[in-house]
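*Asks:* Protein sequence lines correspond, in order, to chains A, B, C and D.
Note that my numbering has the first sequence beginning at 1, numbered continuously upward.
Note that my numbering has the second sequence beginning at 1001, numbered continuously upward.
Note that my numbering has the third sequence beginning at 2001, numbered continuously upward.
Note that my numbering has the fourth sequence beginning at 3001, numbered continuously upward.
Where is the CB? At the ideal position from N, CA and C, for every residue including glycine.
Only a predicted model underlies this, so the values are computations on that prediction, with no experimental measurement involved.
Can you read through this structure? Questions will come right after.
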Amino acid sequence: MTQQSKIFPSVDAAVADIPDGASIMFGGFGGAGFPNNLIQGLARKGSKNLAVISNNCGTGEGELGILFKNRQIRRVTAAFPGPGATYFQEQFDKNEVELELVPQGILCERMRAHGAGIPAFFSPVGVGTDVAKNKEERVIRGRRCILEQSIGADYAFIKAFRADKLGNLVFRKGARNFNPVMATAAKTTIVEVEEIVEVGALDPEVIVTPFVFVHRMVVAKGLRYV
Amino acid sequence: MTQQSKIFPSVDAAVADIPDGASIMFGGFGGAGFPNNLIQGLARKGSKNLAVISNNCGTGEGELGILFKNRQIRRVTAAFPGPGATYFQEQFDKNEVELELVPQGILCERMRAHGAGIPAFFSPVGVGTDVAKNKEERVIRGRRCILEQSIGADYAFIKAFRADKLGNLVFRKGARNFNPVMATAAKTTIVEVEEIVEVGALDPEVIVTPFVFVHRMVVAKGLRYV
Amino acid sequence: MSKPRLTREQIAARAALELPDGACVNLGWGIPNLTAAYVPKGVTVYFHSENGVLGMGPRAAKGEEDFDLVDAMKVPVTLVPGASFFAQEDAHVMTRGGHLDVCILGGLQVSERGDLANWRVPGARGAGGIGGAMDIAVGARRLIVTMEHTSKDGARKIVKRCDYPLTALECVNTIVTDLAVIDVTSDGLSLREVAPGFTPEEIQSLTEAELHYSGKVPEMFAAKP
Amino acid sequence: MSKPRLTREQIAARAALELPDGACVNLGWGIPNLTAAYVPKGVTVYFHSENGVLGMGPRAAKGEEDFDLVDAMKVPVTLVPGASFFAQEDAHVMTRGGHLDVCILGGLQVSERGDLANWRVPGARGAGGIGGAMDIAVGARRLIVTMEHTSKDGARKIVKRCDYPLTALECVNTIVTDLAVIDVTSDGLSLREVAPGFTPEEIQSLTEAELHYSGKVPEMFAAKP
C-alpha cells in the first residue's frame, strides 16, 4: 500500500494541488532532463505567483518558457536564463519578473546544503563581483569568501529515466544534471519517469536517488525541446 | 603513458614516499572498505608523526591498530575511536596521542567541503555540546549553528572494489562508506583495488569516483579484520 | 522496587510499535538495534545505516555473511528489495537533512525539554565516541530514545537537566524505557504508558523530571519473553 | 592596423597547445569550445562538462545524436573510453574544488592582475547569465582566457582594471588572443608570443595594461586555415 501510493495516475493528478505562491525547483540542463510533462501539467493547472529555481528560463515556449508566457512566475533563481528564454527576457526587461542570478555551482551547492541540513556556507565564488552584494564577506584561512544561504523549495519537479515502485531512481547520461540534488532539497519531490519497474529490479549499487527523496511519480514519455 | 602511470607495481612502492608528519585519511567503516594492504605497507615504511583522519582507530592490530601499536600516529581526527581500538585507547589514556572527536556526518561534510572548494559551513550538529567548544556560534534563520572548517589531507588511503586503468572506481556494498569523499579531499589519493580492468570496461553510469580524484593505484587482495 | 521491569528485548519490542508503515528508520547501538527484530507483521520498515545502506534486512544467516554488507554495529546483514547503497556523506544527508522518518537512539540521560546525553559517561576511562549520534539526533523527524529507566546503581536518567556530555539539545520526542513510554511535549514530559504492574506514582518516584499525567495511564505492551 | 589577425579557429588551435597530455579540461562557450577540435595528435585530453560528464568526445555525427548527451552548449557529443556521468553538484566539486587541470573561458576584459570579466556587457539589454563561469574561474588549477585582443569597435580588452562586471578576481593564468599569448605573473603581464607579422610594440599599443617583454618575442603558432 505504502509502495503504491507514490504513483499518480496522470501528470495532471500529480500537480493538481500546487497552490499559487508555491516555490518549485525544476531539473534540466542543455535540453536534457527537463520535467517537461510536469511543466505542461503545471501550465494547464495555472498556479500563479510562483517562485521558481532552475538553471535556465526556458527556450521559446519549451521547458520553463510556457510558464513565463502564461505569467505564472513571479520570481526566478537561475544561473543562466539563456538567450532562448524569450518570454522571460521580455518580462525581465519590463521589470515584470524578479531574477536572482546565482553561479551555477553555488546554486547546486545551496540546494545540496538545504537537503543536507547545512543552513549556510562560506565560498570564494563570486567574491568581488555583483554576486557578493549584500553578502557577508570573511577571510577564511587566507581566502576571501562570502556567506551563501541554503535554498529549499516546496516542490521539486524532476525527470528521471527509470524508477522502481518505491521511488528509487536512475537517470540517463547528461539528463541526470540538477535532478538528484533538487530531489533532496524540496518538501515534495515529483518525478516524471519513462518507466516504473518492480521493486528489486534496480541494482542497489547503481541507484542514484534513493526512494527516501521521492514523494510522487508519474510515467510520461519524455518530451524534448531542441 | 598517462594512463599507465597511476598503477604502482606494489603496495610498498605506492607508499614509499610518505614522509614523517604527513596527514592521511583512511577509508573504512564497520570492518568493510579499509585499505588494509596500504596500512600494512605504511607500517612497514614506518613514517612517523602522522596526523590521521579516520572514522575509528583500529581493532586490535587490525585496520589502523598497527599504526598506533608502532607509535606512528601523533594526532587523530575520528568520530568513533571504538572499543576495540586498544592501542589507541592505551595511548589516549596516557596523553600520548591527540584526539579530535567529530560527529560522523560532520566529518564527512568537512571532507566533502574541502574537496568541493567550500572553506567552512554552519551546521546545527553539536550545538550546546562539547563539540561546540571554541567554535563560533550563530543563529541562522532561527536555528542555532556552529561554524565548521573544511578538512583536507596530504594523502587519502582508500579501498575500492574495481578500477579501470585510468582510475575510475566502483565500490562494493557497504564498503563504499568514507572512501569516495576522502578521494576528493586529499592532494594524493592512493587506492588499493581488487582488480584493474581496461579503460571502457566500466559503465559510465555506475562509476562512483571519476578518475580525476585518483592518483595512485595498486592491486591487492582485500584484507579484512573481523 | 523488586517488581519485574521490561527486558531490553521488551523495550525494543515496544519501541517497534512506534514505527509507521513505510517508514525509513535508523537504529543506534544497543537496545535500538534490537528493535529491527520486532517490527509488527504487516508493517514494512526500511532500515538505514550510516555507512550507506537504505533497506537493510535481517541479520545474515551463519555461513551466508557478506562482510562488505554490515550494519553500523559491524553485524553482517541482508537487503530487502528496493535497497540501495550510497556513500557515507550521502547517508548523513539523510540523517541531518531530516529525510528519515524515525530514528531510535540509546540514552544515558534525557532532560525534561528533550535534551539527550548518550555518548560518554563523565569520568569513564577512554575517549568515548560520538559516531553518527549527533547528526541523527539533530536531523531525525522523530527521535525515540530507548533505555533503562534508571542506571545500574539506581540513578535516575530522566532528569530536569542533563549533567552528562550532551548529544543534542531539544531533540527527543519519545522515551521508551523498561518502565514507561513518555512523550516530550512543549509543556514538559507526558506519561503515556506505564509498565504492567506499575503505577504512575511509582514511575514518577524513579524520574527526576516532573511527569504529567491524569486519570488512568494505560499499560505498556510487554512482549512475551 | 589592417594586417590579418588570427581567426577564432586559430586562437582555439593555439590554446589547444597549452593542454598537457592526460589533462582534465573544461571549455566555456565560444572560442574555448572550438579548442576541442585542435588537440594535438598524441595528446589525450578528457573534456569535462558542468552537466556531469567527464570524457566527452567529438560532436556526434548527424543522425547519431543522443540529446541526453550534450555539452554545456547543448550540442550532442560522444564519449571517449573511460568517461563517466555524475550529477551537476559533483561536476562543480570538480570545478570549484580545484580538480580540473585546465579550464578555458571566453573573456570580455582581463586585467593586468588577472581579474576576469566575461558574463555581461554593461548596458546591454537582458539579464545576462553567469552559468558555471564563476565556479570554474575560482577553482581552475590553470585558467586560460581566449578572446579577440580588441572589441569589434576597437576597444582594448586587456586593461589595467576591469570596468565590466567581474567573473572572478586574480584568476587568469594565460590569455590567448588573435594577436598574442600573454601570461599573468606576479609582476604583471608577460608577453610570451606575438601573432605572425606583429611586433611587441604593436601589441602593446592595442593593450591598455603594460606588457613585459625583452629581446625578440617568438611568433604564435597560427594553424593553417
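Which residue from D:A3195, D:N3051 and D:G3055 puts its Cα closest to that of R176 of chain A?
*Replies:* Measuring from the Cα of R176 of chain A, the nearest candidate turns out to be D:N3051.
*Asks:* Let me know the secondary structure DSSP gives R3014 of chain D once reduced to three states.
*Replies:* Note: R3014 of chain D maps to helix in three-state DSSP.
*Asks:* Rounded to a whole number of angstroms, what is the C-alpha to C-alpha distance between S2190 of chain C and A2168 of chain C?
*Replies:* Straight-line Cα distance between these residues: approximately 20 Å.
*Asks:* Could you give the C-beta distance for I3130 of chain D and L101 of chain A, rounded to a whole number, given that I count them as a contact under 8 Å?
*Replies:* Confirmed, Cβ separation roughly 6 Å.
*Asks:* What three-state label does DSSP hand M1111 of chain B in the structure shown?
*Replies:* Looking at M1111 of chain B - three-state DSSP - the assignment turns out to be helix.
*Asks:* For Q149 of chain A, write down the residues that DSSP places opposite it in a beta bridge.
*Replies:* The partner list for Q149 of chain A (beta bridge, DSSP) reads A:A120.
*Asks:* Does DSSP put M2073 of chain C in a helix, a strand or coil?
*Replies:* If DSSP states are grouped into helix, strand and coil, M2073 of chain C belongs with coil.
*Asks:* Check this for me: beta carbons of P2058 of chain C and A2072 of chain C, under 9 Å apart or not?
*Replies:* No, Cβ-Cβ distance for P2058 of chain C and A2072 of chain C is not below 9 Å.
*Asks:* What do you get for M1001 of chain B, buried or exposed, if any count of 16 or more other CB atoms within 10 angstroms of its CB means buried?
*Replies:* Here the model assigns M1001 of chain B a pLDDT of 40, short of 50, so the residue's position is not dependable, and the following value carries that caveat. Exposed, by the Cβ-count rule.
*Asks:* What's the gap between the Cα of T2095 of chain C and the Cα of A2140 of chain C?
*Replies:* C-alpha separation (whole angstroms): 6 Å.
*Asks:* Using three-state DSSP, classify T2035 of chain C as helix, strand or coil.
*Replies:* In the structure shown, T2035 of chain C sits in a helix (DSSP, three-state: H, G or I).
*Asks:* Answer with yes or no whether the minimum CB distance from M1001 of chain B to chain D is below 9 Å.
*Replies:* Because M1001 of chain B carries a pLDDT of 40, less than 50, the predicted location of this residue cannot be relied on, and no value is offered for it.
*Asks:* At the 9 Å Cβ level, is T1184 of chain B part of the contact set with chain D, yes or no?
*Replies:* T1184 of chain B counts as touching chain D.
*Asks:* Pull up the distance between the alpha-carbon of E2089 of chain C and that of D3153 of chain D, whole angstroms please.
*Replies:* Their backbone Cα atoms lie some 52 Å apart in a straight line.
*Asks:* Using a beta-carbon distance below 9 Å, is G3128 of chain D in contact with chain A?
*Replies:* It does: the Cβ of G3128 of chain D has a partner Cβ on chain A nearer than 9 Å.
*Asks:* By the DSSP assignment, the alpha helix (DSSP H) with R3096 of chain D in it spans what residues?
*Replies:* Its alpha helix (DSSP H) spans residues Q3088 to R3096.
*Asks:* Would you mind sorting S47 of chain A into buried or exposed? The rule is 16 or more other CB atoms within 10 Å of its CB.
*Replies:* Under this definition S47 of chain A is a buried residue.
*Asks:* Are the C-beta of Q72 of chain A and some C-beta of chain D separated by less than 9 Å?
*Replies:* No, no contact with chain D.
*Asks:* Within 9 Å (strictly less), CB to CB, does T3167 of chain D reach chain A?
*Replies:* Cβ-Cβ to chain A under 9 Å: yes for T3167 of chain D.
*Asks:* Going by DSSP, what residue range makes up the alpha helix (DSSP H) through V2138 of chain C?
*Replies:* Start and end: A2133 to G2139.
*Asks:* Thinking C-alpha only, which one of D:S3111, D:Q3204 and D:G3107 is nearest W3029 of chain D?
*Replies:* It is D:G3107 whose Cα lies nearest to the Cα of W3029 of chain D.
*Asks:* Determine which residues share a DSSP beta bridge with N2026 of chain C and list them.
*Replies:* Its beta-bridge partners are C:H2048 and C:C2103.
*Asks:* Is the closest heavy atom of the ligand MN to the C-beta of L3211 of chain D under 8 Å?
*Replies:* Among the components of this structure there are no ligands whatsoever, and the ligand MN is therefore not found.
*Asks:* Would you mind listing the beta strand (DSSP E) stretches within the stretch 1022-1064 of chain B that are 3+ residues and don't spill past its ends, in chain order?
*Replies:* Taking only runs of at least 3 residues, the beta strand (DSSP E) segments lying wholly in the stretch 1022-1064 of chain B are 1023-1026 and 1050-1054.
*Asks:* Tell me which residues share the same chain as V2053 of chain C and place their Cβ nearer than 7 Å to its Cβ, disregarding the 5 neighbours each side in the sequence.
*Replies:* Around V2053 of chain C: A2083 and F2085.
*Asks:* Can you give me the Cβ contacts of G41 of chain A inside the same chain, cut-off strictly under 6 Å, excluding the 5 residues immediately before and after it?
*Replies:* V11, D12 and V15, listed in sequence order.
*Asks:* Could you check whether I1196 of chain B and V1219 of chain B sit closer than 9 Å to each other, using their CB atoms as the reference points?
*Replies:* Yes; because the gap between Cβ atoms is below 9 Å, this pair is in contact.
*Asks:* Quick test of the definition: if touching needs 3 or more C-beta pairs under 8 Å, does the stretch 197-207 of chain A touch the stretch 3110-3124 of chain D?
*Replies:* Taking 8 Å as the limit for Cβ pairs, the verdict is that the stretch 3110-3124 of chain D does not touch the stretch 197-207 of chain A.
*Asks:* Of all the residues that make up the stretch 2041-2064 of chain C, which are near chain A by a beta-carbon distance shorter than 7 Å?
*Replies:* Per Cβ criterion, the list reads T2044 and L2054.
*Asks:* If you follow the beta strand (DSSP E) that A1186 of chain B is in, where does it begin and where does it stop?
*Replies:* Segment A1186 to V1197, the beta strand (DSSP E) holding A1186 of chain B.
*Asks:* State the Cα-Cα distance for the pair M3001 of chain D and S3205 of chain D, rounded to the nearest angstrom.
*Replies:* Unreliable positioning characterises M3001 of chain D in this predicted model, as indicated by a pLDDT of 49, which lies under 50. A coordinate reading is not provided.
*Asks:* Quick check: is the beta carbon of E96 of chain A nearer than 9 Å to any beta carbon in chain D?
*Replies:* E96 of chain A does not count as touching chain D.
*Asks:* Just to confirm before moving on: does the CB-CB distance between E137 of chain A and F121 of chain A stay below 9 Å?
*Replies:* Cβ distance not < 9 Å, so E137 of chain A and F121 of chain A don't count as in contact.
*Asks:* Along the chain, where does the alpha helix (DSSP H) that runs through P3200 of chain D open and close?
*Replies:* P3200 to S3205 is the span of the alpha helix (DSSP H), which, as asked, contains P3200 of chain D.
*Asks:* Considering only the beta carbon of each residue, do V191 of chain A and A183 of chain A sit closer than 9 Å?
*Replies:* Yes, Cβ-Cβ distance for V191 of chain A and A183 of chain A is below 9 Å.
*Asks:* Just reading off the beta strand (DSSP E) that A1201 of chain B is part of, what are its end residues?
*Replies:* Taken as a continuous stretch (DSSP letters only), A1201 of chain B belongs to no beta strand (DSSP E), as it is neither H nor E.
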